[in-house]
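Step one of this worksheet: look at the structure below.
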Amino acid sequence: MDVVAGRSWTTERRPIRHLDPALLIVTAALIVIGLFAIYSATSQTLRQDNLDPLSRVNKQVVTAVLGIVLLLVMATFDYRFLKVYAGLIYGATVAGLLVLQIPGVAATETGTSNYIDIPGISLLQISPSEFAKIGLIVILAAMLSELRSPMPMAADLVRVIGVAVVTMLLVFINVEIGTTIVLAAIAVGVLVVAGTHAKHLISLAVGATVLIALAFQLNVVEDYQIERLLTVFDSGSVSADARYNLDQSVIAVGSGGMFGAGFLQGSQTNLDYVPEQHTDFIFTVIGEEFGFLGSAFVLALFALLIWRAIRIAYMSKDSFGTYLATGVASMFTIQIFVNIGMVIGIMPITGIPLPFLSYGGTAMLVNFAAIGVLLNVHMRRFK
Amino acid sequence: MERSSARLKLFAILVLVMFGALSTRLWFLQVLATQTYAEQAKDNGVRDIAIDALRGEIWTADQYGKPNGVPLVENVSSLEVRIDVQELEESGLAEQVLARLSEMLDVPVRKIRGSIESTQYFDYQPKPIAEFVPEKVAFAIRERQEEFPGVYVRNTSVRDYPMGRLGSHMAGWVGQVQPEQLDEAREGEYGPNDMAGQAGLESQYEKWLRGRKGLLRYVVNSDGERIRDLGGRAPTAGGDLVLTIDSKWQQAAEESLRESIFRTRQVLDEDRGTYYKADAGVVIVLDVETGGIKAMASWPDFDPSWYVNGLTKDQQCYLDLGYRDRCAGAHEVAPLLDRAYQEVYLPGSTFKPFTALAAVKEGFANYSSYYPCPAVYVHPNDTSGADFENWSDSDLAPVTVATSLIDSCDSNYYAWGSDFWFRYQNDQLGENNEPLQEDLRAWGFEEPTGIDLPGEASGFLPDAEWGNADEQKALFPRGWNPGGYILTMIGSGYMSVTPLQLATAYGAIANDGHLCRPHVVDRVMASDGETVLKKVGGGCDRTVPYTKQELDYIRNALTQVPVSGTAQLPFLGFPLSEVPVAGKTGTAFRGALYQDTSWFASMVPANDPKYVVVAMVEQAGFGSDVAAPLVRRMIETMYGIEPGGQVISQTGQD
Chain A
1 MDVVAGRSWT TERRPIRHLD PALLIVTAAL IVIGLFAIYS ATSQTLRQDN LDPLSRVNKQ
61 VVTAVLGIVL LLVMATFDYR FLKVYAGLIY GATVAGLLVL QIPGVAATET GTSNYIDIPG
121 ISLLQISPSE FAKIGLIVIL AAMLSELRSP MPMAADLVRV IGVAVVTMLL VFINVEIGTT
181 IVLAAIAVGV LVVAGTHAKH LISLAVGATV LIALAFQLNV VEDYQIERLL TVFDSGSVSA
241 DARYNLDQSV IAVGSGGMFG AGFLQGSQTN LDYVPEQHTD FIFTVIGEEF GFLGSAFVLA
301 LFALLIWRAI RIAYMSKDSF GTYLATGVAS MFTIQIFVNI GMVIGIMPIT GIPLPFLSYG
361 GTAMLVNFAA IGVLLNVHMR RFK
Chain B
1 MERSSARLKL FAILVLVMFG ALSTRLWFLQ VLATQTYAEQ AKDNGVRDIA IDALRGEIWT
61 ADQYGKPNGV PLVENVSSLE VRIDVQELEE SGLAEQVLAR LSEMLDVPVR KIRGSIESTQ
121 YFDYQPKPIA EFVPEKVAFA IRERQEEFPG VYVRNTSVRD YPMGRLGSHM AGWVGQVQPE
181 QLDEAREGEY GPNDMAGQAG LESQYEKWLR GRKGLLRYVV NSDGERIRDL GGRAPTAGGD
241 LVLTIDSKWQ QAAEESLRES IFRTRQVLDE DRGTYYKADA GVVIVLDVET GGIKAMASWP
301 DFDPSWYVNG LTKDQQCYLD LGYRDRCAGA HEVAPLLDRA YQEVYLPGST FKPFTALAAV
361 KEGFANYSSY YPCPAVYVHP NDTSGADFEN WSDSDLAPVT VATSLIDSCD SNYYAWGSDF
421 WFRYQNDQLG ENNEPLQEDL RAWGFEEPTG IDLPGEASGF LPDAEWGNAD EQKALFPRGW
481 NPGGYILTMI GSGYMSVTPL QLATAYGAIA NDGHLCRPHV VDRVMASDGE TVLKKVGGGC
541 DRTVPYTKQE LDYIRNALTQ VPVSGTAQLP FLGFPLSEVP VAGKTGTAFR GALYQDTSWF
601 ASMVPANDPK YVVVAMVEQA GFGSDVAAPL VRRMIETMYG IEPGGQVISQ TGQD
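Going down the list, the protein sequences come from chains A and B. The first sequence begins at 1 in our numbering and counts up by one. The second sequence begins at 1 in our numbering and counts up by one.
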């Protein structure tokens, strides 16, 4: 009996019997690989500073446990409640982002203030922009699933895009280009699957380009960000500092060869040559220590994850579920592509973490929540 | 939903494209181009540090291997203060630490800053800021290490000269490696701030002395911190040079030379009415069997330890390094020059044995005839008015070849010179129309002796080709003339030899005609003191084209020189019956601006020569007055004879 949904199921159709084991296994595998990679990236430095070499790994495990709790929560109730409360969720998202603009609230540990310190909980800092990803997925799915016409009309698009742009702008002014890109990708993904007309998609692309150009023109984007963005396109014109990140990570991945240097054996990793290695550049550990085979294996796991998400979108009993799953698939895809692309030098450096592998709190929780949403849609795919 | 599923397919294709791009790029990086990146990763993390090898020492023959032996050149450790800049700055105490160091070392903070900002070193290397720090200060720093973050005291090795100036020219000195040495060296042999031999044996035997650097290979992280050692190899200490030099003889040579020079400076040159300048001199003792040099002194000398800390202004002035306008007071003339083999001189009458033998060989003289010895000689039919004077103002009795050597008559040599001229004149285009030069070259003149020291001079023998050259138009307006031969016959005119060439040639008279390559190093020993790395052979294979009888004839004649000849006075009281000495005086006229060069070349003991002893003092007058007593003093030391006679005598004889 699924009391929350207010309806009963036949035994064989009870949601708990229709988990997606492949999705769970892939997620678990990624988390475990991530723990090894984080250990490799951090233990040496921690040991040097006379700290517990496992401290980062431990923290990541705690976060993962919290994430699993969140996943279960997200999977338990019928996902259609999300549609009911979509407006509320969106409102909370925007409010959270606005809170960051109040002086004194935002934690400034990382220089840019995109965290809210929750008093008493020192383990986690809550980053509203991370949750904005889920918030945007939910509101877009809700709006697009309620259309009267089989495909979104221009007016619908204006409303949908307005909602998306508000979120993106609030994130963008917190100097989080990476998250802004993810939000944009979510919007595009959901709009594509929702059947948006090609000409609308094209005019959307043109509009976005103009806006981005304008942003650069008006110096809205910080210099260092422009520089990092340029790194990938024109390596000659950027400072040594910006080049360094890219060079070192490409060297790390390239030096891995076919089979890799072996766990804990990568010199780039061990000797701390790759900056921010346990967070945004975690993939360099995979590349250097496990080689092409390891990298390909991780890519395959991610592909599997995306495939399950698309499959769930396809199998969903309603368009709300389809769009939810699509939004999640978009979110993961863009993060994987931009992050790994950045590490191997084909995408600019934007500060997007790699799902489940990168060390880090809120993003990880959000990823678990997203898996929870996928499971939810999958479990309740029967009409 | 139809549209959705179609769009989901589109979405899936987009995802596939993205993953395809990532895979392709990974394939390129990790499979196709991995070699490049693997090398870059290795270069990133692996650092090599060279460990200096201890430089070999230099020992005299008599001191090496003795329980209390004293080396000529050794290494001494210097306490050096170095600063690890990174560590100092991370401590946040840089200001205080530098101020305290400045006070303790008595060096201005500004200077310390300059040292640590030096780009001569890599950032991960501690930078030296002071050398030869007193033990007390070094101890204070080590004791309170926590108050001096990044400051380290290190033991380094520098050259030391326990025997002071002894053998300074031979030993030479070490200095910062020169660009051309870096160019010639193999990769990794020198760092940019390494020391390398710059003169003397230090330079000549550099590759033996410097040893082989060790290597420490380790891994550094991105902060340049040393993470772990990858091993390496230990340095190999340089080989020790064991010289043929006897330290006591060398000391005697240097002391008696100096004493002789200072005494000569108090003697009035009656021809000029001034005192003798006696500004330089040489003493050489050569082992005639091997070519090993037992002593070789050159004056003025210098103290090689000056080079250890860099030359002061006064030292630069003394060394006459080209700053005469900025140097107040007196300077010596080129003290760095080893006059024994790096400078050339007119040998004067000491040259006569060789020209006499040449005259006999070419048929102008024989051992039984008598030759006139007039006060003045004029070349046959010469109307130019060129008079060639004997050293004596009066006509002397006719001489044999032997007595011409004993009493050093010049006139018969002039006549033989004329003979050589006629030989040339009558056969100008002939194959061997200048046999004099050919015969003299057989003794090694006009070529380096091959001594194992750098910068050797060759000397010169004038000949027709030289005399007829355009450059000599001023000297010989009508071309080569008899004077060239006539003057060469008495070791004068345009020729020149190094004292060492003369000693080597006398060695060949002494050892029945073998011309030995002179050398100062006997062998190079490994630092274990047992393995001989290199044995320096003299090589006495070359012979001169004269019979033993001829050479004995000359030697017997020269044996009479201290008995009844030109060196009789300086050898008065010397036990010639116990230690017979064969020698030849020489007084070389150097031109109007200079006083005569005083020479004495000898073989001892004359009946079975073991050593050649040659002395030369510049601007000192007659050979019998200065050089001969100097040789006597040297031989007295060598044979443990109670010193007798005068340091210098006044004979007025060649």
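Beta carbons are placed, not taken as given, at the ideal position from N, Cα and C, and that holds for glycine. This structure is a prediction, so every number in the text was calculated from the model and none was measured.
Of all the options Leu533(B), Gly583(B), Gly444(B), Leu436(B), which has the alpha carbon lying nearest to the alpha carbon of Leu487(B)?
What you label residue 487(B) is simply residue 487 of the second sequence in a count that begins at 1. Comparing C-alpha distances from Leu487(B) to each of Leu533(B), Gly583(B), Gly444(B), Leu436(B) shows the shortest one belongs to Leu436(B).
List, in order along the chain, the chain B residues whose C-beta lies closer than 7 Å to that of Val193(A)?
Taking the first sequence and counting its residues from 1, one reaches residue 193(A) at position 193. Those are Ser4, Arg7, Leu8, Phe11, listed as they occur along chain B.
Exposed unless 16 or more other CB atoms sit within 10 angstroms - verdict on Asn432(B):
The residue you call residue 432(B) lines up with position 432 of the second sequence. With fewer than 16 other Cβ atoms within 10 Å, it is exposed.
Helix, strand or coil, according to DSSP, for Lys379(A) in the structure here?
Locating residue 379(A) in the first sequence gives position 379, counting from the first residue. One point to set straight first is that residue 379(A) is Met, not Lys, in the sequence displayed. In the three-state reduction of the DSSP assignment, Met379(A) falls in the helix class, which pools H, G and I.
Just checking: is the beta-carbon of Tyr218(B) within a distance shorter than 8 Å of some beta-carbon in chain A?
Walking along the second sequence from the start, residue 218(B) turns up at place 218. Among the CB atoms of chain A, none fall inside 8 Å of the CB of Tyr218(B).
Name, going along the chain, the residues of the segment 276-304 of chain A whose beta-carbon falls closer than 7 Å to a beta-carbon of chain B.
Look at the segment 276-304 of chain A: the residues with a C-beta under 7 Å from a C-beta of chain B are Gly287, Gly291, Phe292, Ser295, Ala296, Leu299, Ala303.
Buried or exposed (CB count within 10 angstroms, at least 16 for buried), Gln217(A)
Along the first sequence, one-based indexing puts residue 217(A) at 217. Answer is exposed; the Cβ neighbour count stays below 16.
Starting from Arg217(B), follow the beta strand (DSSP E) in both directions and report where the run begins and ends.
Start at 1 with the first residue of the second sequence, and residue 217(B) comes out as number 217. In the DSSP assignment, Arg217(B) falls within the unbroken beta strand (DSSP E) covering 214-220.
Burial state of Arg56(A), where buried means 16 or more other Cβ atoms lie within 10 Å
The residue labelled residue 56(A) in the question sits at position 56 within the first sequence. Buried.
Alpha-carbon spacing of Gly150(B) relative to Ser102(B), whole angstroms:
Here residue 150(B) refers to the residue found at position 150 of the second sequence. Here residue 102(B) refers to the residue found at position 102 of the second sequence. In a straight line, the C-alpha of Gly150(B) is about 15 Å away from that of Ser102(B).
Where the beta strand (DSSP E) through Gly243(B) begins and ends
On the second sequence, position 243 is the one that residue 243(B) refers to. Reading the sequence as shown, one finds Leu at residue 243(B) and not Gly. 240-243 is the extent of the beta strand (DSSP E) around Leu243(B).
Quick one: measure Cβ to Cβ for Thr566(B) and Asp654(B), integer angstroms, because I've assumed they're closer than 8 Å.
Here residue 566(B) is taken as the residue at index 566 of the second sequence, counted from 1. Here residue 654(B) is taken as the residue at index 654 of the second sequence, counted from 1. Sure, about 5 Å apart at Cβ, within 8 Å.
Inter-residue spacing [alpha-carbon to alpha-carbon] between Glu184(B) and Leu215(B):
Position 184 of the second sequence, counted from the first residue, corresponds to residue 184(B). Position 215 of the second sequence, counted from the first residue, corresponds to residue 215(B). Roughly 21 Å between the two C-alpha positions.
For Ala503(B), I'd like the list of residues in its chain whose CB is within less than 6 Å of its CB, leaving aside the five on either flank, ordered along the chain.
The residue labelled residue 503(B) in the question sits at position 503 within the second sequence. Closer than 6 Å at Cβ, skipping near neighbours: Ile284, Leu286, Val612, Val614.
Under the rule that 16 or more other beta-carbon atoms within 10 Å means buried, what is Lys9(B), buried or exposed?
Counted from its first residue, the second sequence places residue 9(B) at position 9. Lys9(B) is classed as exposed because its beta carbon has fewer than 16 other beta carbons within 10 Å across all chains shown.
Based on the DSSP output, what are the partners of Phe388(B) in its beta bridges?
Numbered from 1 along the second sequence, position 388 holds the residue referred to as residue 388(B). Residue pairing from DSSP places Phe388(B) in a beta bridge opposite Tyr377(B).
What does a CB cutoff of less than 6 Å around Gly120(A) pick up in its chain, not counting 5 residues either side in sequence?
Walking along the first sequence from the start, residue 120(A) turns up at place 120. Caution is warranted here: a pLDDT of 45 is assigned to Gly120(A), below 50, making its placement in the model unreliable, and the coordinate value is therefore given only provisionally. The answer is none, since no qualifying residue turns up.
Just the Cα atoms here: how many angstroms apart are Gly111(A) and Gly162(A)?
For the purposes of this step, residue 111(A) is taken as the residue at position 111 of the first sequence. For the purposes of this step, residue 162(A) is taken as the residue at position 162 of the first sequence. Low local confidence applies: a pLDDT of 41 at Gly111(A) is under 50, so the model's placement there is unreliable, and no value is given.
Note down, in chain order, every chain B residue with its Cβ under 9 Å from the Cβ of Phe320(A).
As a position in the first sequence, residue 320(A) is number 320, starting the count at 1. Residues of chain B passing the Cβ test: none, with the nearest at roughly 11 Å.
Which residue from Glu89(B), Gly537(B), Val85(B) puts its Cα closest to that of Ile293(B)?
Taking the first residue of the second sequence as position 1, residue 293(B) is located at position 293. Comparing alpha carbon positions, the residue from Glu89(B), Gly537(B), Val85(B) closest to Ile293(B) is Gly537(B).
Which residues in the same chain have their Cβ closer than 8 Å to the Cβ of Val61(A), if we skip the five residues on either side of it in sequence?
For the purposes of this step, residue 61(A) is identified with residue 61 of the first sequence, where counting begins at 1. Excluding five sequence positions before and after Val61(A), the CB atoms of its chain that fall closer than 8 Å to its own CB belong to Leu35, given in chain order.
Burial state of Glu456(B) (16 or more Cβ within 10 Å)
As a first step, residue 456(B) is located in the second sequence; it is residue number 456 there, counting from the start. Burial call: buried.
Does the beta carbon of Ser222(B) sit closer than 8 Å to a beta carbon anywhere in chain A?
Locating residue 222(B) in the second sequence gives position 222, counting from the first residue. So yes, Ser222(B) belongs to the interface.
Should Val17(B) go down as buried or exposed, given a rule of 16 or more other Cβ atoms within 10 Å for buried?
Indexing the second sequence from 1 puts residue 17(B) at position 17. Exposed, since its Cβ has fewer than 16 Cβ neighbours within 10 Å.
Run down chain A in chain order and give the residues with a C-beta less than 7 Å from the C-beta of Leu29(B).
On the second sequence, residue 29(B) is found 29 positions in, with the first residue counted as 1. Neighbours of Leu29(B) on chain A, chain order: Val250, Val253, Gly254, Ile344.
So is Leu26(B) in contact with chain A if we call contact Cβ pairs under 8 Å?
As a working mapping, residue 26(B) is identified with position 26 in the second sequence. Output row for Leu26(B): interface = yes.
If I follow the unbroken alpha helix (DSSP H) through Pro499(B), where does it start and stop?
Residue numbering aside, residue 499(B) sits at position 499 when the second sequence is read from its first letter. 499-510 is the span of the alpha helix (DSSP H), which, as asked, contains Pro499(B).
Let me make sure I understand the geometry here. Which of Met151(A), Arg381(A), Glu288(A) has the alpha-carbon closest to that of His197(A)?
If you number the first sequence from 1, residue 197(A) lands on position 197. For His197(A), the nearest C-alpha among the options comes from Met151(A).
Among the residues of its own chain, which have a CB less than 6 Å from the CB of Ala297(B), if the five just before and after it don't count?
On the second sequence, position 297 is the one that residue 297(B) refers to. Cβ contact annotation for Ala297(B) (same chain, cutoff 6 Å, sequence separation greater than five): Ala253, Glu254, Leu257, Val283, in chain order.
Measure the CB-CB distance between Val328(A) and Ile181(A) and report whether it falls below 8 Å.
As a working mapping, residue 328(A) is identified with position 328 in the first sequence. As a working mapping, residue 181(A) is identified with position 181 in the first sequence. With a cutoff of 8 Å on beta-carbon distance, Val328(A) and Ile181(A) are scored as not near each other.
Please name the residues in the segment 36-51 of chain B whose beta-carbon is closer than 9 Å to at least one beta-carbon of chain A, in chain order.
Listed by position along the chain: Thr36, Tyr37, Ala38, Glu39, Gln40, Ala41, Lys42, Asn44, Gly45, Val46.
By how many angstroms is the C-alpha of Val70(B) removed from the C-alpha of Asp470(B)?
Residue 470(B) sits at position 470 when you count from the first residue of the second sequence. Residue 70(B) sits at position 70 when you count from the first residue of the second sequence. Straight through space, the alpha carbons of Val70(B) and Asp470(B) are spaced by roughly 55 Å.
Rounded to the nearest angstrom, what separates Leu105(B) and Arg233(B) at their Cα positions?
Walking along the second sequence from the start, residue 105(B) turns up at place 105. Walking along the second sequence from the start, residue 233(B) turns up at place 233. About 35 Å.
Since Phe420(B) is in the alpha helix (DSSP H), which residue starts that stretch and which ends it?
Working through the second sequence from its first residue, we reach residue 420(B) at position 420. 411-426 is the span of the alpha helix (DSSP H), which, as asked, contains Phe420(B).
From Leu211(A), Leu357(A), Ile334(A), residue whose alpha carbon lies closest to that of Asp280(A):
Taking the first residue of the first sequence as 1, we reach residue 280(A) at position 280. Ranking the options by Cα distance to Asp280(A), first place goes to Leu357(A).
What does Thr326(A) touch in chain B if you count any residue whose Cβ is under 9 Å from its own?
Indexing the first sequence from 1 puts residue 326(A) at position 326. Annotation: Cβ neighbours of Thr326(A) in chain B (cutoff 9 Å, chain order): Ser4, Arg7, Leu8, Phe11.
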